[in-house]
Amino acid sequence: MKITQIFSFLSLCSIALFFSCQQEEVQEESQTEKPNIVFIYLDDLGYGDVSAYEAGTLETPNMDRLVNGGVKFTNGYASSATCSPSRYAILTGTYPWRNKNAKILPGTAPLLIDTAQYTLPKMLRDQGYATGIVGKWHLGLGLGNVNWNEEINPGPNQVGFDYSYILAATQDRVPTVYIEDGHVVNLDPNDPIEVSYEENFPGEPTAIDNPELVEMKWHHGHNNSIVNGVPRIGFMKGGEAAKWSDVDMADHFLEKAQSYVKEKASSDQPFFLYYALQQPHVPRTPHPRFEGKSGMGPRGDVILEADWVIGEFLKTLEEEGVLENTLIVFSSDNGPVLNDGYYDDAVEKLGDHTPAGPLRGGKYSLFEAGTRVPFATYWKGKIEPGVSDALVTQIDLMASIGALIGVESTAPDSQNLLATFMGKSQEERSEFVLEATTKTALRQGNWVMIPPYSGPAVQNQVNIELGNSESYQLYNLSEDIGQQSNLAESNPEKLQEMIQLYEQIRGTEAGNVEQLELK
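In terms of the UniProt record's numbering, the sequence shown is residues 1 to 519.
What follows is the structure, encoded as structure tokens:
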């Protein structure tokens, strides 16, 4: 062996040993206590929507408190450019493309997570944690053909959560009711709920047949049942007493999250709370307290509302004396979108704000803005404020939290990056296969390779570049964060290296894709 090869080998060993020692040091320090763990997970929040990322014009002081007060990740990723797949991945530590059903789910979809699957909440529950979810679920319920008037099983409580208070899918989809531990809240048995995504129920108004009842104008897809003047996706009958108030939803979920913390803080049992906010997903229905506050229309207003909610939640953690023993993960399920089904001035009143920051694309897209999102870890007194350029993903949280509490995770794709999440290291994933509406691409180091895909380059209904092209795309993000210079032809060696690694990871399933259809 040549002398240079020996030194290279020794250098690699030294680096590996260094990172290993850091991981062990953090793990040993953390296992002396089991901290509370909170995920604050937003919906369609872009990289530039948080003022701490210095890319937009909105002011988000409470989000900034988490981002600037902890580790601010500039290369932090959701696993997918859409909601259900990302939520599947964060709770299972598994790439969503491994599950062919991990797509944008209708409100009647069966449970996406197999009840036998090992999940993050199961892992924590096995270690003595109380586990709760408050907010958006969108991972399916039951086995299909759910009877909403009886106990709904399986659901969150069958995949590791002791307590659940959720909306089944999204705010723009039926059923428009809250579900607590498998039961619809405030359901009147004399007014049973019926739900269909195939056809309307006789005599029930829709946005197409009864436009005079519509208070929020629909743009595409959202033209079925009308609830609170808002046309939805899907058809619903009955359940009048159980229907939620859209403008009160943020306050309602906040109260449930606060109650959960107060209850658990009074005991010695550590808790995990998955707090999944609905903002800024459509329909954007800010409480009157926030209407007009952003100057950007409802989208800006609901982001300010979400920021306020986060501030109130942090106050509760402080008042209950648990903030300094709580690890908080702050992020979003995918990137931003402006017009996503309603005319709500999101485009017209955007001004100089840049929801995606310097990134190309957005929700639904293979380009960076689809999956690179605000991402921070915060633990008062434990995590020193700092900025990390390390490549990390939400998939890695399961293995890393497992290491934090002394458990070796069996999640297939999750990597233990605990020291990085704790701000003690710059260790990162060597590669990441991101997903957008069943299509996948590869990031390795600072390089991104997008395979050829048929279909439109731009999804005209939402005006977002999808990343589709007849040719391979190759970008060097360290020099071209906006992905403007395709280097596939000028750097064929790097392209082939990326293709080979991609095919090694994805196998023959990479070609099984579907075209995006918004409805």
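By construction, the Cβ of each residue, glycine as well, lies at the ideal position given by its N, Cα and C atoms. None of the values given here were measured: they were computed from a predicted structure.
Assigned exposure category for residue i - 16 Cβ within 10 Å defines buried
i: T508; result: exposed
i: Q473; result: buried
i: Q496; result: exposed
i: R299; result: buried
i: C13; result: Confidence at C13 is low in this model, with a pLDDT of 49, below 50, so the placement of that residue should be treated as unreliable; the coordinate-derived value is given next. So C13 ends up on the exposed side.
i: G144; result: exposed
i: N460; result: exposed
i: E368; result: buried
i: G295; result: exposed
i: A116; result: exposed
i: E305; result: buried
i: D246; result: buried
i: Y343; result: exposed
i: G297; result: buried
i: S331; result: buried
i: G321; result: exposed
For residue i, the residue or residues it bridges with in DSSP
i: R443; result: F432 and V448
i: G135; result: I166 and A276
i: F375; result: S331
i: V146; result: Beta-bridge pairing links V146 to no other residue.
i: I226; result: P231
i: M236; result: V195
i: S80; result: E435
i: T206; result: S225
i: Q459; result: I464
i: K72; result: A376 and V387
Proximity winner among the options, relative to residue i (alpha-carbon distances)
i: D396; options: G386, F421 and K382; result: F421
i: V173; options: V185, D268, V230 and V347; result: Going by the sequence as given, residue 173 is Arg instead of Val. Of the listed residues, the one whose Cα sits closest to R173 is V230.
i: D181; options: V195, E151 and G203; result: E151
i: P288; options: W308, D413, M216 and D248; result: D248
i: I310; options: G56, K494, L124 and L66; result: L66
i: F272; options: Q394, V261 and Q444; result: V261
i: K315; options: K439, E240 and Q258; result: Q258
i: E240; options: A276, N223, V195 and E199; result: V195
i: K494; options: G511, P355, Q515 and R443; result: R443
i: D352; options: Y47, G56, N512 and N36; result: G56
i: E324; options: R284, A356, K293 and K380; result: K380
i: P270; options: Y47, G423 and D126; result: D126
Neighbour flag for residue i against chain B, beta carbons, 8 Å
i: Q158; result: The chain labelled as chain B is not found in the depicted structure, where only one protein chain is given.
Contact set for residue i: own chain, Cβ-Cβ below 6 Å, skip 5 residues either direction
i: T410; result: Y118
i: Y475; result: V448 and Q483
i: I481; result: P358
i: Y274; result: F39 and I133
i: G70; result: A376, T377, Y378 and I383
i: V184; result: W148, V177 and A242
i: N153; result: G182
i: T60; result: V50, S51 and D307
i: S80; result: S86, P96 and E435
i: K349; result: M296 and G297
i: I505; result: V433
Collapsed DSSP secondary structure at residue i in the structure displayed
i: E199; result: coil
i: residue 521; result: Outside the displayed range of the chain (1 to 519) lies residue 521, so it cannot be described from this structure.
i: M216; result: coil
i: S259; result: helix
i: H183; result: strand
i: E465; result: strand
i: P270; result: coil
i: A130; result: strand
i: P385; result: coil
i: V38; result: strand
i: D112; result: The identity of residue 112 in the sequence shown is Leu, whereas the question assumes Asp. Coil.
i: T60; result: coil
i: L474; result: strand
i: F290; result: helix
i: Y342; result: strand
i: W308; result: helix
i: Y53; result: helix
i: F313; result: helix
i: L243; result: Checking the sequence, you will find Lys at residue 243 rather than Leu. Strand.
i: I3; result: Residue placement at I3 cannot be trusted, given a pLDDT of 44 that sits under 50; what the coordinates show is reported in the next sentence. Correct three-state label for I3: helix.
i: T119; result: coil
Other residues of its chain near residue i: CB distance less than 8 Å, five sequence neighbours each side excluded
i: E428; result: N75, A390, L391, V392, L417 and T420
i: I464; result: V337, G361, G362, K363, Y364, S365 and V458
i: L112; result: S84, Y88, N99, N101, A102, L105, L139 and G140
i: Q278; result: D43, G135, K136, L167, T170, Q171, M249, A250 and F253
i: I226; result: P205, T206, A207, N210, L213, V214 and R232
i: I499; result: M449, P451 and Y472
Residue i: CB within 7 Å of a non-hydrogen atom of the ligand ZN
i: D301; result: Looking at this structure, you won't find the ligand ZN or any other ligand, since it has none at all.
Cut-off 7 Å between Cβ atoms - residues of its own chain near residue i, not counting five sequence neighbours on either side
i: A399; result: G93, S409, A411, S414, Q415 and N416
i: V387; result: K72 and T74
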